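Structure first, commentary second.
Numbering (the numbering used here), first residue to last: 2 to 167.
Right, here's the structure in full:
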């Protein structure tokens, strides 16, 4: 599958078009797609209905514009949603190499672990190959933490849905 990538040059106020190849043919219109910059590279994440399949690609700009499959994010994690996406380096051990979505299983946020190929949560034993049994948050945004050092050596599940107590 091939296509074009359009890049806007703010200084010259012009569009540049690049022919891009390498999208796996099984990726079609039935996939949710997300673009995110990670480690200075453009990445695309495709997710089929209810997460039955996830494909992470990185744009290789060296020789020719081509999408290449990514198996591991290293120390990075991706936060993806319909309205915004970003990549961040791990702050706490165990959060890396994961893709976080605005979905919950009970009160726990769901992530996709690239190492295991499973959707999981911190704080519960939820572990599945798809997103059935989870709830999507539709009107939401990600807030990026700015901690300079971890507060705990273990991943901690934030109580995302509990109301503040007076």
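Beta carbons: idealized from backbone N, C-alpha and C, even for Gly.
None of the values given here were measured: they were computed from a predicted structure.
*Mind checking whether residue 67 and residue 23 have CB atoms under 8 Å apart?*
Position 66 of the chain shown, counted from the start, is the residue given in the question as residue 67. Position 22 of the chain shown, counted from the start, is the residue given in the question as residue 23. Cβ atoms of residue 67 and residue 23: closer than 8 Å.
*If residue 76 sits next to residue 62, beta carbons under 8 Å apart, how far is it from one beta carbon to the other, in whole angstroms?*
Taking the first residue of the chain shown as position 1, residue 76 is located at position 75. Taking the first residue of the chain shown as position 1, residue 62 is located at position 61. Incorrect: roughly 22 Å between the Cβ atoms, too far for contact.
*By how many angstroms is the C-alpha of residue 13 removed from the C-alpha of residue 57?*
Reading the chain shown from its first residue, position 56 is the one you call residue 57. Reading the chain shown from its first residue, position 12 is the one you call residue 13. Whole-angstrom Cα-Cα distance: 32 Å.
*Local Cβ density within 10 Å of residue 144, reported as buried at 16 or more and exposed below that*: Position 143 of the chain shown, counted from the start, is the residue given in the question as residue 144. Of the other Cβ atoms in all chains shown, fewer than 16 fall within 10 Å of the Cβ of residue 144; this residue is therefore exposed.
*asked:* Checking 8 Å against the spacing of the C-beta atoms, do residue 104 and residue 83 come in under that value?
replied: Translated into the one-based positions of the chain shown, residue 104 becomes position 103. Translated into the one-based positions of the chain shown, residue 83 becomes position 82. Cβ atoms of residue 104 and residue 83: not closer than 8 Å.
*Assign residue 2 to one of two classes, buried (16 or more other C-beta atoms within 10 Å of its C-beta) or exposed (fewer than that).*
Along the chain shown, one-based indexing puts residue 2 at 1. Its pLDDT being 44, under 50, residue 2 is placed unreliably by the model, and the measurement read from it follows with that caveat. By the neighbour-count definition (other C-beta atoms within 10 Å, threshold 16), residue 2 is an exposed residue.
*Compare the C-alpha of residue 85 against each of 17, 19, 34 and 7 and name the closest.*
In the chain shown, the residue the question calls residue 85 occupies position 84. It is 34.
*Do you know offhand how far residue 94's Cα is from residue 15's?*
Reading the chain shown from its first residue, position 93 is the one you call residue 94. Reading the chain shown from its first residue, position 14 is the one you call residue 15. Their Cα atoms are separated by approximately 43 Å.
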